[in-house]
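Note sheet for the following structure.
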DNA sequence: ACAAAGTTGACTAGATTTATAGAGTAAAAT
DNA sequence: ATTTTACTCTATAAATCTAGTCAACTTTGT
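Protein chains in written order, with the working numbering: chain H, 2 to 161; chain Y, 2 to 161.
The following block contains the structure:
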């Protein structure tokens with residue numbers, strides 16, 4: 002299970018992917034339109050800033066914006082920044098591997114071997130979906146006919 | 002991330018799948034050979050008993066045993082019993098679905114739509130692996146190679 | 001230049017869940 | 001009755017989630 006931190010963070014990133022490039026969004030607005038506790042979102046966006054995913058600006062006209070185009074940001078990496086490794090257990094993680102204290106022979110741990118496969122499956126979805134693609138999923142309203150049909154819709158939006 | 006409860010529970014179930022049918026295993030033995038805090042394992046096995054996965058017997062010669070043959074027990078269902086739904090967020094769960102408080106239009110929530118796919122991927126692995134198969138993975142020792150067999154799998158091993 | 005208003009950022013605190021330990025109770029076998 | 005084992009209840013430390021207060025910075029109005 003994702004923590005609420007990651008869930009809120011992903012929602013905020015989708016929101017930021019929806020503002021016109023160069024413009025900013027206020028924490029208060031992101032919080033209101035996504036029903037996220039504002040102070041919690043403050044902290045979350047702070048972490049995302051430290052991780053280099055977003056830039057912030059104080060004062061009037063300030064707010065948050067994406068640091069890179071949403072097509073360059075992988076969903077999996079957002080989750081990693083907020084919740085840590087995708088792997089169900091840390092000894093099955095590729096990015097932040099750490100040995101289990103309770104395992105003598107890791108290469109024969111049945112739980113780890115299954116969770117390696119689960120990690121692979123999760124990463125296959127989350128690392129191959131960009132923030133832009135995730136946002137398009139929500140726009141089209143249906144998850145099944147997804148990645149191909151969304152691009153034209155996005156370009157239409159940008160023109161408007 | 003799985004909680005330690007689920008991780009320990011899975012290890013205990015693998016252990017139980019390894020005792021000869023009809024025989025029991027002691028909590029103390031399971032705890033010792035898997036480096037699990039005994040009292041915690043007590044509680045975990047209690048939950049697994051309430052969920053119908055294992056039977057227990059008190060007194061001398063007592064202990065725990067599987068309630069069904071390990072080929073009839075899905076890994077996903079063990080995880081569900083201990084940690085709840087497999088889905089990264091509850092609104093993406095099929096077994097224990099619950100609406101998000103913070104979502105107005107669920108069918109257009111980008112986060113949910115991505116997590117539905119992640120859930121599908123996780124369930125594909127965990128629900129199609131039986132406890133018996135999981136245990137066999139650990140027995141063969143080079144489970145990664147024999148399962149996936151590819152270059153990526155070998156690299157994952159190398160990191161460990 | 002200065003004050004005021006808007007906005008992020010940092011620090012503290014309480015409520016809830018997770019992870020662990022201890023002490024003792026209940027049942028079953030000998 | 002004694003021993004062996006599962007089971008229950010309580011308690012503590014850490015992490016998660018949320019709210020509140022105040023500080024730091026940036027623009028705008030005068």
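Virtual Cβ for every residue (Gly too), placed ideally from N, Cα, C.
* For chain H, find out if any of its Cβ atoms is closer than 8 Å to the Cβ of residue 78 (chain Y); answer yes or no. => Counted from its first residue, the second chain places residue 78 (chain Y) at position 77. Taking Cβ atoms only, chain H never reaches closer than 8 Å to residue 78 (chain Y), which makes this a no.
* To do: Starting from the beta carbon of residue 15 (chain H), find every residue of chain Y whose beta carbon is closer than 7 Å, and list them in chain order.
  => In the first chain, residue 15 (chain H) corresponds to position 14, counting from 1. Here the neighbours are 111 and 112.
* Output, in chain order, the set of chain H residues within a Cβ distance shorter than 7 Å of residue 12 (chain Y). => Taking the second chain and counting its residues from 1, one reaches residue 12 (chain Y) at position 11. Going along chain H in sequence order, the residues near residue 12 (chain Y) (Cβ under 7 Å) are 112.
* **Through-space distance from residue 45 (chain Y) to residue 121 (chain Y), alpha-carbon basis** => Stepping through the second chain from its first residue, residue 121 (chain Y) is reached at position 120. Stepping through the second chain from its first residue, residue 45 (chain Y) is reached at position 44. For residue 121 (chain Y) and residue 45 (chain Y), the distance between alpha carbons rounds to 26 Å.
* To do: Report yes if the C-beta distance between residue 117 (chain Y) and residue 93 (chain Y) is below 8 Å; otherwise report no.
  => Here residue 117 (chain Y) refers to the residue found at position 116 of the second chain. Here residue 93 (chain Y) refers to the residue found at position 92 of the second chain. Their beta carbons are under 8 Å apart, which means residue 117 (chain Y) touches residue 93 (chain Y) by this criterion.
* **Paired residues, beta bridge with residue 64 (chain Y) - DSSP** => Position 63 of the second chain, counted from the start, is the residue given in the question as residue 64 (chain Y). Per DSSP, Y:58.
* Is residue 1 (chain H) near residue 124 (chain H), with beta carbons less than 8 Å apart? -> Because residue 1 (chain H) is not part of the residues shown, which for chain H are 2 to 161, the question remains open.
* Asked: Where do the ends of the alpha helix (DSSP H) carrying residue 140 (chain Y) lie?
  -> For this step, residue 140 (chain Y) is matched to residue 139 along the second chain. 132-141 is the extent of the alpha helix (DSSP H) around residue 140 (chain Y).
* **Assigned exposure category for residue 115 (chain H) - 16 Cβ within 10 Å defines buried** => Within the first chain, residue 115 (chain H) is the residue found at index 114, counting from 1. Flag for residue 115 (chain H) reads buried.
* To do: Tell me whether the beta-carbon of residue 77 (chain Y) lies closer than 8 Å to the beta-carbon of residue 109 (chain H).
  => For the purposes of this step, residue 77 (chain Y) is taken as the residue at position 76 of the second chain. For the purposes of this step, residue 109 (chain H) is taken as the residue at position 108 of the first chain. Not closer than 8 Å, so no.
* **Residue burial classification, residue 53 (chain H) (beta-carbon count within 10 angstroms, cutoff 16)** => Locating residue 53 (chain H) in the first chain gives position 52, counting from the first residue. Exposed.
* Closer than 7 Å: residue 44 (chain Y) CB and nearest the ligand MN heavy atom -> In the structure on display, the ligand MN does not appear, and there are no ligands present to speak of.
* Asked: Where does residue 53 (chain H) sit, in a helix, a strand or coil, going by DSSP?
  -> Mapped onto the first chain, residue 53 (chain H) falls at position 52. Note: residue 53 (chain H) maps to coil in three-state DSSP.
* To do: Note down, in chain order, each residue of its chain lying with its Cβ closer than 7 Å to the Cβ of residue 144 (chain Y), except the 5 sequence neighbours on either side.
  => Here the question's residue 144 (chain Y) lines up with position 143 in the second chain. In this prediction, residue 144 (chain Y) has a pLDDT of 45, which is less than 50 and means its spatial position is unreliable; nothing more can be read from the coordinates.
* Euclidean distance between Cα positions of residue 8 (chain Y) and residue 24 (chain H) -> Here residue 8 (chain Y) refers to the residue found at position 7 when the second chain is read from its first residue. Here residue 24 (chain H) refers to the residue found at position 23 when the first chain is read from its first residue. In a straight line, the C-alpha of residue 8 (chain Y) is about 45 Å away from that of residue 24 (chain H).
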